[in-house]
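**Q** Handing you a structure now.
Protein chains in written order, with this note's numbering: chain A, 4 to 543; chain B, -19 to 363.
Set out below in structure tokens:
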């Protein structure tokens, strides 16, 4: 069920009606569970076995880990005076090893399934290419594998929960059905946000009553999401798909235009979908984490990744970045460098200090790239982003020196604009890897953008991409609306535009609401007339 | 509290009502579309009730092959073609129900083209769209929409705005559709739904089927569809239904397969005691030139339409419509006018081909503007 379809709106309306009218307040969460199960089974009941396995393995592993933690605490308390410090340390270590074994099994099993379904054919294809070059007569078979709906998102979310239980950040959920709701909550299963158990669970299980203001705000958020996705993203994707279908037929101007349009389409598609997800959750009184904070206003690439797909960034930070950066190996590597001749210099000392976090960033972003898809271009995308962050961190003293030498006022608005433009350019380079059909074609794209600029031919090509001039006007106008709203939100980050609108006269609010509805009705891509553009991140 | 509840309800209505009105307006501007098929179907409802002697059902081979106005001119009976391009057999019962709801013809001619293809032909959207967008709301229309197996959502058939809202950017088409609404829809058609082209497509038929009775089995769903139509006719106690196959030129294996299915259908239909006339066998009688009188293998051109109408009209008049209905003076005047437009219609087709314009000739605003001008000039000359 597409999030921007009438069927989905009807489904949410009916589910909300049942939820709010449900007589047993304590068990309202079961309505959400039933709705989530229905939503998932409708997408393809044959693939439900995967989410069922994840739920069961998550439940059992978390329960067992929690039990081991409780047993550890009990035994330590019982033998507080009987055991020596060494005994207690040894005992704790033994129990930790046991818990770690369970976590490892759970992670290997679930990420293993994800890895296999997502990457097997890519790896077997790459292997066959390599073997072919050495004329080795062996070919790994290609399998017909389909990714179950939301497997990336629910795997990350549930494994995060298992790790949190291991770290004793939260207790294990006793009720498997409640855990199933956490894993499969329908507004976020398709494309996130990825939630932490501590942030989401209580909200899911607590009963929420109908609140008009909350539902009104939720509806406004849904409308805003539909505005971005159905008009800007879905009109733009036609041009992008046309270029992708015959990539080699277009010149550098058209390819540059496509990358710029992709930057717009990707943002409005993904953030629009998330707005709908968050709005739908809000109807039920559940606040999902924000996943986007005006990413194209970022002043550095690090800032960009703090504003783009925030929940994935937070997950990576908590479960990969910090454990790797704080690991003995990386810390020792930094210490070793500090003791070296290079480390004795001022710059060398700085590099030694930032080395663990820099390499961790490179690793995290390589994984982020791989997470995006099974292709070398995504690996390149990840390495590019991670590499820029790593180099920025390492070269920071040099850049700071330049601003001092050139007497640049880093607080000036002009400098901020420069930083935003620079960051956007860096992001665009990453998008070239993302949008091109393959790594080699992305390299070709760079070459053409730099060497084959022809505005006249490019304009003719752009006119033939399946988007009419009138539609381009609509895309531009609507994008300006999004830009203005983003600027307002950026300047007033302590509140939301919805809350600001509440303080405005009813007539203004009414006009905005009506204009939004009418624009989506007329310009939005919906109904059978068009090929409904699938959510870009649904493939994950 | 109550006041707050009513205020909020009013506000919701204040949002919903303009949206509904907007969709209704959008539906008229974008969803009412002009084409040879919508003109024909809408025109049927402008004919006075119980004024038609004959109604023909089928697909494009019918409205290319036959001219009701010419048949009226030669033989004095009124007829109409309740047909759309690519009409599948699944639509035929709904066509027939519409006919029975508004007319009481002495003869119903059913061209069997809709039963000759593979099963997926039944799910082709085009004909279902023309039907649902042209026909007034009725239980029959609702049943047709609910029972169709096309891919599009049923809601988009009830509210065509869902299908066509994306056409807001085609300003020229919006203008053209407006002309249809203002000039063509809402009154009786002059050409009675006929379409023609003077484009010649001289090709020798590859198959001589005059004494060929070989059969090819219908696909399962298509057979079921044909049986449903036959049962429908029996339920309605219709003894005035005749199944026919119009002339076609058979040049390819696929077309020969259709011919073989026609033979199979003939057997089924006659087993159920309906008459079947296979006009693909009467080559010499009809007098059609099978090389030159077609604009493509399935459709007769202007010359072919003339010859075939003469043949079929004579057959109908002699065997089925012995006494045509008495028409009101207004309706008779309307039919007389239509008859006068027929030669102008064919001449227009020839003129267009000479100008290398191979568009179809039917009752569009531009064509009617030209024909009316020619008609007035002719009358002025005669005066």
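Every residue gets a Cβ at the ideal spot worked out from N, C-alpha and C, and that includes glycine.
Quick one: list the residues of chain A neighbouring residue -2(B), beta-carbon separation under 7 Å, in chain order.
**A** Simply 517.
**Q** Given a limit of 7 Å on CB to CB distance, which residues of the region 141 to 155 of chain B reach chain A?
**A** The region 141 to 155 of chain B vs chain A, Cβ under 7 Å: 142, 143, 144, 145, 146, 148, 149.
**Q** May I ask you to list, following chain order, the residues of the region -14 to -3 of chain B that have a beta carbon less than 8 Å from some beta carbon of chain A?
**A** Here the close residues are -12, -9, -6, -5.
**Q** Could you work out which residue in 244(B), 151(B), 259(B), 132(B) is closest to residue 104(B) when comparing CA atoms only?
**A** The option with the nearest alpha carbon to residue 104(B) is 132(B).
**Q** Just how far apart, CA to CA, sit residue 545(A) and residue 409(A)?
**A** Outside the shown range of chain A, which is 4 to 543, sits residue 545(A), and nothing can be said about it.
**Q** With residue 180(A) as the anchor, note down where its alpha helix (DSSP H) starts and where it stops.
**A** Here the alpha helix (DSSP H) through residue 180(A) covers 179 to 187.
**Q** Using a Cβ-Cβ distance cut-off of 8 Å, determine whether residue 513(A) contacts chain B.
**A** Closer than 8 Å: yes.
**Q** Nearest-angstrom Cα distance between residue 292(B) and residue 130(B)?
**A** Cα to Cα, residue 292(B) sits roughly 34 Å from residue 130(B).
**Q** Whose Cβ in chain B lies nearer than 7 Å to the Cβ of residue 215(A)?
**A** -12, listed in chain order.
**Q** Should residue 333(A) be labelled buried (16 or more other beta-carbon atoms within 10 Å of its own) or exposed?
**A** Classification of residue 333(A): buried, given that the 10 Å Cβ count is 16 or more.
**Q** Near residue 18(B), what residues of its chain come up, given a Cβ to Cβ distance below 7 Å and the 5 sequence neighbours on each side ignored?
**A** Closer than 7 Å at the Cβ level, and outside the excluded window around residue 18(B), lie 110, 113, 114.
**Q** Of the residues 98(B), 189(B), 306(B), 85(B), which one's Cα is nearest the Cα of residue 260(B)?
**A** Nearest option by C-alpha distance: 189(B).
**Q** Is residue 302(A) closer than 8 Å to residue 419(A) when the C-beta atoms are compared?
**A** Cβ distance < 8 Å, so residue 419(A) and residue 302(A) count as in contact.
**Q** Leaving aside the five residues before and after residue 204(A) along the sequence, list all residues of the same chain whose C-beta is less than 6 Å from its C-beta, in chain order.
**A** So the qualifying residues of the chain are 185.
**Q** Compare the C-beta of residue 45(A) against all C-beta atoms of chain B and say whether one is closer than 8 Å.
**A** False, the Cβ-Cβ gap to chain B never drops below 8 Å.
**Q** Output yes if chain A places a C-beta closer than 8 Å to the C-beta of residue 12(B); else output no.
**A** Closer than 8 Å: no.
**Q** Against chain A, with Cβ distances strictly below 8 Å, would residue 75(B) count as a contact?
**A** No - not a single Cβ of chain A is within 8 Å of the one on residue 75(B).
**Q** Going along the region 461 to 493 of chain A in order, which residues come within less than 8 Å of chain B, judged by CB to CB distance?
**A** Result list: 471, 473, 474.
**Q** Where residue 218(A) and residue 286(A) are concerned, what is the direct C-alpha to C-alpha distance, given to the nearest angstrom?
**A** Rounded to whole angstroms, residue 218(A) to residue 286(A) spans 5 Å at the Cα level.
**Q** By the three-class DSSP mapping on this structure, what secondary structure does residue 227(A) have?
**A** Residue state, collapsed to three classes: helix.
**Q** In whole angstroms, what is the alpha-carbon distance linking residue 60(B) and residue 309(B)?
**A** So the alpha carbons of these two residues sit roughly 19 Å apart.
**Q** Return helix, strand or coil for residue 346(B), following the three-state DSSP convention.
**A** Reduced to three states, the DSSP call for residue 346(B) is helix.
**Q** Mapping DSSP to helix, strand and coil, what is residue 7(A)?
**A** Coil, per DSSP.
**Q** For residue 361(B), count neighbouring C-beta atoms within 10 Å of its own C-beta (all shown protein chains included) and say buried if the count is 16 or more, exposed if not.
**A** By the neighbour-count rule (16 or more Cβ atoms within 10 Å), residue 361(B) is not buried but exposed.
**Q** Under 7 Å Cβ-Cβ, which residues of chain B neighbour residue 530(A)?
**A** 136, 142, 143, 145, listed in chain order.
**Q** Answer with buried or exposed for residue 356(B), where buried requires no fewer than 16 other C-beta atoms within 10 angstroms of its C-beta.
**A** Residue 356(B) comes out exposed.
**Q** Throw me the rounded Cβ distance for the residue 250(A) and residue 440(A) pair, which I believe falls under 8 Å.
**A** 6 Å between Cβ atoms; contact.
**Q** Could you tell me which of 276(B), 99(B), 296(B), 191(B) sits nearest to residue 262(B), measuring between CA atoms?
**A** The candidate whose alpha carbon is nearest that of residue 262(B) is 191(B).
**Q** Check residue 41(A) in the structure and name its three-state DSSP category.
**A** In this structure, residue 41(A) counts as helix in the three-state DSSP scheme.
**Q** At what residue ranges does the region 415 to 483 of chain A contain a whole run of the alpha helix (DSSP H), taking only runs of 4 or more?
**A** The region 415 to 483 of chain A contains these whole alpha helix (DSSP H) runs: 416 to 438, 442 to 454, 458 to 466.
**Q** Just mark residue 490(A) as buried or exposed, buried being the case when its beta carbon has 16 or more other beta carbons within 10 Å.
**A** It counts as exposed.
**Q** Using a beta-carbon distance below 8 Å, is residue 520(A) in contact with chain B?
**A** Chain B, which has a Cβ nearer than 8 Å to the Cβ of residue 520(A), makes this yes.
**Q** By DSSP, does residue 220(A) sit in helix, in strand, or in coil?
**A** Reduced to three states, the DSSP call for residue 220(A) is helix.
**Q** Would you call residue 95(A) buried or exposed, if buried means 16 or more other Cβ atoms sit within 10 Å of its Cβ?
**A** Label assigned to residue 95(A): exposed.
**Q** Assess contact between the region 60 to 72 of chain B and the region 317 to 328 of chain B, defined as three or more Cβ pairs (one per stretch) separated by less than 8 Å. Is contact present?
**A** No, they do not touch.
**Q** Taking only runs that begin and end inside the region 210 to 256 of chain B, name each unbroken alpha helix (DSSP H) of 4 or more residues, in chain order.
**A** As far as the region 210 to 256 of chain B is concerned, its whole alpha helix (DSSP H) runs of at least 4 residues are 233 to 251.
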